[in-house]
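S.K.: Respectively, the protein sequence lines represent chains A and B.
Per UniProt numbering, residue 1 is the first one in the first sequence, and the count goes up by one each step.
Per UniProt numbering, residue 1 is the first one in the second sequence, and the count goes up by one each step.
There are 2 protein chains.
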Amino acid sequence: MKVKTVTVKLNTHCYDIIIGPNLIAQAALQINHSFKQKDFHQTRLAIVTDTNVASLHLDSLQAELTKNKIHTVPIIVEAGEQSKSFSTLQVVIDKILATHLERGDCVIAFGGGVIGDLAGFAASMIRRGMNFIQMPTTLLAQIDSSVGGKTGINSRYGKNLIGAFYQPQCVIADTCVLDTLPLREFRAGYAEMVKYGLINQPDFFEWLEKNGQEIFSNGPLRTEAIVRSCQFKAAIIAHDEYETGERALLNLGHTFGHMLETATAYDSKRLIHGEAVAIGIVLAHQFSAQLNLIDSTLINRIEVHLKAIGLPTRLKDIPGGLPNAEALMTLIAQDKKVSQNNLTFILTRGLGQSFIAKNVPSDAVLSFLEQKLTEIR
Amino acid sequence: MKVKTVTVKLNTHCYDIIIGPNLIAQAALQINHSFKQKDFHQTRLAIVTDTNVASLHLDSLQAELTKNKIHTVPIIVEAGEQSKSFSTLQVVIDKILATHLERGDCVIAFGGGVIGDLAGFAASMIRRGMNFIQMPTTLLAQIDSSVGGKTGINSRYGKNLIGAFYQPQCVIADTCVLDTLPLREFRAGYAEMVKYGLINQPDFFEWLEKNGQEIFSNGPLRTEAIVRSCQFKAAIIAHDEYETGERALLNLGHTFGHMLETATAYDSKRLIHGEAVAIGIVLAHQFSAQLNLIDSTLINRIEVHLKAIGLPTRLKDIPGGLPNAEALMTLIAQDKKVSQNNLTFILTRGLGQSFIAKNVPSDAVLSFLEQKLTEIR
Chain A
1 MKVKTVTVKL NTHCYDIIIG PNLIAQAALQ INHSFKQKDF HQTRLAIVTD TNVASLHLDS
61 LQAELTKNKI HTVPIIVEAG EQSKSFSTLQ VVIDKILATH LERGDCVIAF GGGVIGDLAG
121 FAASMIRRGM NFIQMPTTLL AQIDSSVGGK TGINSRYGKN LIGAFYQPQC VIADTCVLDT
181 LPLREFRAGY AEMVKYGLIN QPDFFEWLEK NGQEIFSNGP LRTEAIVRSC QFKAAIIAHD
241 EYETGERALL NLGHTFGHML ETATAYDSKR LIHGEAVAIG IVLAHQFSAQ LNLIDSTLIN
301 RIEVHLKAIG LPTRLKDIPG GLPNAEALMT LIAQDKKVSQ NNLTFILTRG LGQSFIAKNV
361 PSDAVLSFLE QKLTEIR
Chain B
1 MKVKTVTVKL NTHCYDIIIG PNLIAQAALQ INHSFKQKDF HQTRLAIVTD TNVASLHLDS
61 LQAELTKNKI HTVPIIVEAG EQSKSFSTLQ VVIDKILATH LERGDCVIAF GGGVIGDLAG
121 FAASMIRRGM NFIQMPTTLL AQIDSSVGGK TGINSRYGKN LIGAFYQPQC VIADTCVLDT
181 LPLREFRAGY AEMVKYGLIN QPDFFEWLEK NGQEIFSNGP LRTEAIVRSC QFKAAIIAHD
241 EYETGERALL NLGHTFGHML ETATAYDSKR LIHGEAVAIG IVLAHQFSAQ LNLIDSTLIN
301 RIEVHLKAIG LPTRLKDIPG GLPNAEALMT LIAQDKKVSQ NNLTFILTRG LGQSFIAKNV
361 PSDAVLSFLE QKLTEIR
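(1) My assumption, with CB atoms under 8 Å, is that A/L23 sits in contact with A/D174. Please give the rounded CB distance.
(2) At a threshold of 7 Å, does B/H13 count as lining the ligand NAP (C-beta to nearest heavy atom)?
(3) Taking only beta-carbon positions, decide if A/M329 is within less than 8 Å of chain B.
(4) Give a yes or no on whether the minimum CB-CB distance between B/V3 and chain A is below 8 Å.
(5) From B/F205 to B/Y190, what does the alpha carbon distance come to, in whole angstroms?
(6) Just how far apart, CA to CA, sit B/I226 and B/R270?
(7) What are the start and end residues of the alpha helix (DSSP H) that includes B/F132?
(8) Identify every run of the beta strand (DSSP E) within the segment 66-141 of chain B, keeping only runs that are complete inside it and at least 3 residues long; order them along the chain.
(9) Near B/R127, which residues of its chain fall below 6 Å by C-beta distance, leaving aside the five closest residues on each side in sequence?
(10) Do the segment 151-171 of chain A and the segment 59-75 of chain A touch if we need at least three Cβ pairs shorter than 8 Å?
(11) If you measure from the beta carbon of B/T88 to each beta carbon in chain A, is any gap under 8 Å?
(12) Are the Cβ atoms of B/V3 and B/L118 separated by less than 8 Å?
(13) Where does the unbroken beta strand (DSSP E) through A/I19 begin, and where does it stop?
(14) Using a 10 Å radius around the Cβ and a threshold of 16 neighbouring Cβ atoms, would you call B/L29 buried or exposed?
(15) Tell me which residues of the segment 106-139 of chain B have at least one Cβ-Cβ distance to chain A shorter than 8 Å, keeping chain order.
(16) With B/S55 as the anchor, note down where its alpha helix (DSSP H) starts and where it stops.
(17) Is the beta carbon of A/A263 closer than 8 Å to that of A/L322?
(18) Go ahead and label B/E241 buried or exposed: buried means 16 or more other beta carbons lie within 10 angstroms of its beta carbon, across all protein chains shown.
(19) With B/N32 as the anchor, note down where its alpha helix (DSSP H) starts and where it stops.
(20) Going by C-alpha distance, which of A/E326, A/L331, A/T330, A/V8 is nearest A/E370?
(21) Could you tell me whether the segment 243-251 of chain A touches the segment 48-57 of chain A, where touching means 3 or more Cβ pairs closer than 8 Å?
(22) Can you find a CB in chain B that lies within less than 8 Å of the CB of A/G245?
(23) For A/L97, decide whether its Cβ has a neighbour in chain B, counting only Cβ atoms nearer than 8 Å.
(24) Checking 8 Å against the spacing of the C-beta atoms, do A/A234 and A/V91 come in under that value?
(25) Straight-line CA distance for A/S339 to A/I199?
(26) Is it true that the CB of A/D105 sits closer than 8 Å to the CB of A/R44?
(27) Could you give the residue range of the alpha helix (DSSP H) that holds B/S367?
(28) Tell me, which residues are paired with A/R44 by DSSP?
(29) Is the shortest distance between the beta-carbon of A/F165 and the beta-carbons of chain B less than 8 Å?
(30) Entirely within the UniProt domain "3-dehydroquinate synthase C-terminal" (189-338) of chain A and at least 4 residues each: give me those alpha helix (DSSP H) ranges in chain order.
(31) Just the Cα atoms here: how many angstroms apart are B/I294 and B/Q286?
(32) Quick one: list the residues of chain B neighbouring A/Y157, beta-carbon separation under 9 Å, in chain order.
(33) Does A/I236 come within less than 8 Å of chain B when only Cβ atoms are used?
(34) Taking 8 Å as the CB-CB cut-off, is B/Q340 touching chain A?
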């Protein structure tokens, strides 16, 4: 009863996201289930994780799998975004190959978004594709990065510029693990839930306004929020696995958000991804208002909720200075979502009425940014 | 009339292999054709090639594209297998990203198998998949490695252990370019054609027995041989894009062949891939004879043809010594086609009657290898 399943239905592949409390303690059962037709005891698992998650949860996971006679090989990388690098990727691949794991064996990504992206990308490449399971341990990873098959690493030319679309065999999201997540990380993940509501689910946004605080405690509402988020994201990617169309809606708040992350040099002391998204969501709504698509009532409502959760909403909430508007525009134009220099933004016509706006004139963005920067000058 | 097209029909993707003389001089036309719906003049091309091909053909290709107002960026790597490395891959990716090429732009692999594997793998990873065109310049690449979407690099643990299935937008095979190919390389590519006949096309093998020498001169028979080879390979991969079944037939001669390549440390002075395949094909037939699947008449017939072409057929044709049978077995067991330590070989029941043999007992292989090694002791 407590464990819920969301099925991701793609053209050539179908897999389950299993969501609920204490799933690490049932990992063998769930993994076995996802490999139905096999004698799983002959399969070996490489568990890719980071130093933080390893110290908190690796022993429990390994104990559970060893108890069930599943052979595991832990591969531990440094916690943090810097592990999404070519050099760490090569180390992970080498370690997996060194254990002679084969195509039918499996890589488990046990961690947050960095681990999911890194381990998934490694799994996609080894022997042109090994089995792969996501066990996300952050709210952001459970509702967003572990779902949809985007994997990859960063380049000196930008984030996530190198990667693959690679779908897991299943996703196992243990909601209890989130109790060990720092509050700031939890809030950052929450910003993506708010985004899902604002894209095209006004009722989910209203539900969050009412129940959002409850999600911070472990219980059925937390599971429900994660389930609803995964259902939403699964529906989007079922229509557009390779981001040729509506999947771009998921970038609501992200063009501005990435701009801010780059402007703050991805310094997590100043800004983490979900915080940048929270501010980016507000900016996207303010920009929509400037284009006369919505009025300021909606902006206020969104800000009230994000602030109640403890998230930043304005440029002034970012510690330290920011570049000027021209410099920020350069960062936007380098963003990989820019196609042939025509700016694409996700804008909105009302609560949960987001849409993909192509050919947004860059001078409109520039004057909007200039105006926003006056708030902090 | 002179230009032929073979269409590769996959579940989610369909593309043409264009085969004929003087196609470099028509490259803009052919590339434009493969990007039907686009204003191609806005698209930019990265041409990945090696030092050998660059000195012979890069000027012609760039002149043709520049004449047609297509912007090109050449990326030249060292010729040779050592370029299928993580470090060269990173250099190629960095150079492509440095030019700000976008997802809708295109990478051309202009070279042999190494370049196709390396550039295709890079294209698969950049922005999770850029457009990609193969312009193979060796016989081996035109009939084999450029067709089917296997891309990748080598690892210290083995060849091609890191890679992706990534299909091109089109393949452009200029048969005139083969006139600049060293004779030894041409013969090595020829061995793969023989393999196609022996898998399941006895009439193609007979055609090669009759016309094989003609293919070494540029003319309609060369084009026909390449067309027939591509038709055969396209049919196999249409059924089994991701090598879960019959695509494994393409490994005829390759388990023994890879063993010999590894045993000679991939030293191209001693053995190149197609030569290893030629010897491997004979070994696979001899092993089939030892298992009483065929008699020696067929082995002799195949050897006569391979020798007439100038290819090696026996272990004694490899300059320098070889490890003992136990050591060779270790190399076979490490081969990536080995699944869970049960040996899989492609064996045959007659001319063009190959099949996938699973669970081949390793002691049968060992005693076969011991017997073969006595020929050179």
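Note that beta-carbon positions come from the ideal geometry of N, C-alpha and C, so glycine has one too.
Predicted model, so just to flag it, every value in this text is computed and none were measured.
M.R.: So, from the listed chains and residues:
(1) 4 Å
(2) For the structure depicted, the ligand NAP is absent and the ligand set is empty, with no information on it obtainable.
(3) no
(4) no
(5) 11 Å
(6) 27 Å
(7) From DSSP, B/F132 is part of no alpha helix (DSSP H) but of the beta strand (DSSP E) over 131-136.
(8) 71-77, 106-111, 131-136
(9) R103
(10) no
(11) no
(12) no
(13) 14-20
(14) exposed
(15) S124, M125, I126, R127, R128, G129
(16) No alpha helix (DSSP H) holds B/S55; DSSP gives it neither H nor E.
(17) yes
(18) buried
(19) 27-34
(20) A/E326
(21) no
(22) no
(23) yes
(24) no
(25) Its pLDDT being 48, under 50, A/S339 is placed unreliably in this model, and the coordinates cannot settle the point.
(26) yes
(27) 362-374
(28) A/H71
(29) yes
(30) 202-215, 220-239, 254-263, 273-290, 296-309, 325-334
(31) 8 Å
(32) D94, L97, A98, H100
(33) no
(34) In this prediction, B/Q340 has a pLDDT of 43, which is less than 50 and means its spatial position is unreliable; nothing more can be read from the coordinates.
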